[in-house]
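Numbering (our numbering), first residue to last: 13 to 929.
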């Protein structure tokens, strides 16, 4: 394809379906017409040659002429249900979409598909992804590896380097068309105005629920994010994709603010009325796993079950003694404070100390040695905000990055208190190891999971606890590889450690804090989660377990083990009031419902009872006032669960119907090859090339040592021997999946096609041939089949100007009679001919005679081939219009598909009827 920057004597070229990395310059006098000579009579093959060459062409395409301009060129094969958001987006003039699918369904792929398509169409000129810094590198890698989009990271650590590359008054977003940006970095007053001025016309907001505020109670960071995204949404021409698995946090006002970013009218529309729900359905897609586990003719292999287990432990006498002393100290400091700010600081410091002590001796020691963060507060409101974020796990994305730091408990310089804190510190240090029953218990849990074939992640609340657990487990369990990942590491180092651990053969264990609990995909390496520390926010538990319980997980059953102290006074409160209730709702409804707003009040009241009134968490009975608060929380939670479980029906899709998706899936498979065709093609091609192909439970395995060196070198590095080809995801490291976008499948298709077109390749290394003569009982009259490649110039109206590209399409045509007067077969008859099997031999001289006569007649067929190309072009125009018919009647003026040059006759195959004696 000739790019616009070409000149009269110098062409700047990009291969069809290639990326910017493939661009090359060619002097005009070196350019030649892009065509292939007809097949030669000495290139005869058997009956499988046509099928192999046809499959290699379709599977190897990276620039299809179909209505989806990007699907042929991306390195991911979308599942049928993932096309629904894409179809919704293409039917909007300006794309405003909330992708609210469940955890682990593939929202990143769905958003990436839309972004890639809009960029290919020219409907968008640039892309920015707003996300947390912990997920920035993952987004960058997904965009590059799956969609061929080279994104620059805009983070505090990269901003200065990027600015050095700017020219004149350029901004980062004017110079780099695709960026992944830390929301919390760009939202500051110093940077947001420049960002808003030069922001691209396509924005993806990841974890969008963290970027929406309600009435100002969401905290300053959340409010700043909301102001930023709201300002982006004001530009009515900007495409905006909001991505979140939790669109409704239980607050109607927050949900209204979220959907109003898509269309201001949604802020007030009546969602109880059908018209209101249909309005929202044009902008929102929300599916649970149950909705898409079986969609159309395709099953998606999610884990079948999540087994949960509670593992109690009792403190040793020395640990329990320290706990009682610390609890008494906490009661004294809270009750002796004079009220106001000082009492709130003491309150949060006491809870922080108890929480750290429940976590581990090392976290307690660090807390005792650190001044409380709430001590810096200048008001009761500020102290409460800090305390709730750190102690009650209410931290949002910005605080989450530092939330695994031990919170600190020292609040003043009182000499007596300081002396007691030092004594506690010394006692805590002495508890490490044998005196810590929790540590002994987790060792047994991890050993059992490893013995059962699971690779677990052990989640800890604090950095110090994670390091402590890692040190102990790595010494106590042999023949196992351990790694620890905490907030002390930058995101890139976290990913590197996880990748390195994932490459380890044999048992492995990851110890981590909640810096990995949201957005990070760990299903390839791990299958179980151990909650070493209880989170005081059930959503955090769900996020932890969601790292392994998602699409791509190979185990049918994932495990989640929750450890809790029976006698440490506080675990029982959190477990009974929050975690068990959350788990019961998820099991009953299949929905993970965020904890209602009044949970914070209830937990604080229960902790107040523990500290101020000596409430014993083991008794199982609460004083009347606290029991009423707990009942109110349960009622609010049940109500939220009922609303959420009905949400899928309430917001069901009305703009995209399954039959519409089925039609596009069928058309896509017809153009690019079905999965069955991929499976049969790879098996046949590998066998023809000397590989030994052995069936397996999920596909087959093929040896690679005897393959031609050109193909062997093109296979992915690190592939197993023999190379396992599996039918569908999930796959393990070193395996290949039988999808057209898999690197190994692509290598086989490219080799088969290129070797067929290259007469210099030895015959035994060419599994596909460009011509053949076949005798078969499937027909009653001699029939000729042609494999024809058409090239088209596709012009699609973009946002500011028409977008032109060159694309390819393969047509399989067949006729009976002489070339001078052909009678063309229908598409169904052609498909039947492709399935014909040889039932007799044709002597080589006779075969050469028939083939030469067929080849001599190709010129007579040129007008008919051109007519078919014109018909194909008209069908492609219709398919583009069908896919892009807008809910608001968008115009497609300027859309055109025109043939480019004469079509290439790549294969010619003559079928003879079986002679009846």
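The beta carbon of each residue, even a glycine, is placed where N, CA and C say it ideally should be.
Keep in mind it's a predicted model, so treat the numbers as computed, not measured.
Using a 10 Å radius around the Cβ and a threshold of 16 neighbouring Cβ atoms, would you call residue 178 buried or exposed? So residue 178 counts as exposed.
Considering just the uninterrupted stretch of the alpha helix (DSSP H) at residue 120, what are its terminal residues? Element bounds for residue 120: 119 to 133.
Would DSSP call residue 539 helix, strand or coil? Coil, per DSSP.
Give the single residue among 546, 116, 207 and 395 whose Cα lies nearest to the Cα of residue 324. Its Cα nearest to that of residue 324, the residue 546 stands out among 546, 116, 207 and 395.
Terminal residues of the continuous beta strand (DSSP E) containing residue 111? From DSSP, the beta strand (DSSP E) with residue 111 extends over 108 to 111.
By how many angstroms is the C-alpha of residue 469 removed from the C-alpha of residue 488? Taking the straight line from one Cα to the other gives about 16 Å.
The stretch 793 to 807 touching the stretch 904 to 922, judged by at least three CB pairs closer than 8 Å: Output reads yes: the stretch 904 to 922 touches the stretch 793 to 807.
Mapping the DSSP letters down to three states, classify residue 791 as helix, strand or coil. Note: residue 791 maps to coil in three-state DSSP.
Beta-carbon proximity list for residue 918, same chain, < 6 Å, skipping 5 on both sides: Hits under 6 Å: 799 and 801.
Close-in-space but distant-in-sequence residues of the same chain around residue 900 (CB under 8 Å, 5 per side omitted): Unreliable positioning characterises residue 900 in this predicted model, as indicated by a pLDDT of 39, which lies under 50. A coordinate reading is not provided.
In terms of residues, what are the limits of the alpha helix (DSSP H) holding residue 440? Element bounds for residue 440: 427 to 442.
Going by DSSP, what residue range makes up the alpha helix (DSSP H) through residue 544? In the DSSP assignment, residue 544 falls outside any alpha helix (DSSP H) and carries neither an H nor an E.
Give a yes or no on whether the C-beta atoms belonging to residue 700 and residue 779 are separated by under 8 Å. It is a contact, given that the beta carbons lie within the stated cut-off.
Can you have a look at residue 491 and say buried or exposed, based on whether 16 or more other CB atoms are within 10 angstroms of its CB? Exposed, since its Cβ has fewer than 16 Cβ neighbours within 10 Å.
Do you know how far the Cα of residue 723 is from the Cα of residue 764? In a straight line, the C-alpha of residue 764 is about 9 Å away from that of residue 723.
Buried or exposed: residue 410, going by 16 or more other Cβ atoms within 10 Å of its Cβ? Any reading at residue 410 needs caution, since the residue's pLDDT is 45, under 50, leaving its predicted position unreliable; the model's value is listed next. Label assigned to residue 410: buried.
Within a Cβ cutoff of 8 Å, which residues of the same chain sit near residue 462, ignoring the five residues on either side of it in sequence? Contacts found: 468, 489, 492, 519 and 521.
Whose CA, out of 155, 150 and 146, lies closest to the CA of residue 126? When only C-alpha atoms are compared, the closest one is 155.
Compare the beta carbon distance of residue 477 and residue 499 with 8 Å and say whether it is the shorter of the two. No.
Thinking C-alpha only, which one of 502, 70 and 175 is nearest residue 824? By alpha-carbon distance to residue 824, the top candidate from 502, 70 and 175 is 70.
Name the DSSP beta bridge partners of residue 143, please? Under DSSP, residue 143 forms a beta bridge with 194.
For a test of the three-state rule: what should DSSP assign to residue 235, helix, strand or coil? Reduced to three states, the DSSP call for residue 235 is helix.
Residue closest to residue 783, alpha-carbon to alpha-carbon, out of 687, 364, 862 and 111: Closest option to residue 783, Cα to Cα, is 862.
Nearest-angstrom Cα distance between residue 851 and residue 792? Those two C-alpha atoms are separated by around 13 Å.
Output the distance between the C-alpha atoms of residue 134 and residue 738, rounded to the nearest integer angstrom. Computed Cα separation, rounded: 36 Å.
Of the residues 151, 456 and 139, which one's Cα is nearest the Cα of residue 184? Out of 151, 456 and 139, 139 has the C-alpha closest to the C-alpha of residue 184.
Residue 691 and residue 750 - do their beta-carbons sit closer together than 8 Å? Contact: yes.
Member of 119, 162 and 331 whose CA lies at the smallest distance from the CA of residue 254: Taking the Cα of residue 254 as reference, the smallest distance to any Cα among 119, 162 and 331 is reached at 119.
Measuring straight from C-alpha to C-alpha, what distance separates residue 150 and residue 334? Roughly 43 Å separates the two Cα atoms.
Kindly give me the distance between the Cβ atoms of residue 684 and residue 76, rounded to whole angstroms, as I take these residues to be in contact under 8 Å. Sure, about 6 Å apart at Cβ, within 8 Å.
Out of curiosity, what's the CA-to-CA distance linking residue 925 and residue 687? When rounded, the distance between both Cα atoms is 31 Å.
In whole angstroms, give me the CA-to-CA distance for residue 201 and residue 280. In a straight line, the C-alpha of residue 201 is about 30 Å away from that of residue 280.
Once you ignore the five residues that flank residue 303 on each side, which residues in its own chain have a CB closer than 6 Å to its CB? The answer is none, since no qualifying residue turns up.
Please go through the same chain and pick out, in chain order, the residues whose beta-carbon is closer than 7 Å to the beta-carbon of residue 92, but skip the five residues on each side of it. Around residue 92, the same chain offers 307, 308, 310, 673 and 677 as residues with beta carbons nearer than 7 Å, after the five sequence neighbours per side are excluded.
Given residue 869 as reference, the closest of 846, 882 and 828 once Cα atoms are compared: Ranking 846, 882 and 828 by CA distance to the CA of residue 869 puts 828 first.
Under a Cβ-count criterion, where at least 16 other Cβ atoms within 10 Å of its own Cβ denotes burial, should residue 269 be classed as buried or exposed? With 16 or more Cβ atoms within 10 Å of its Cβ, residue 269 is classed as buried.
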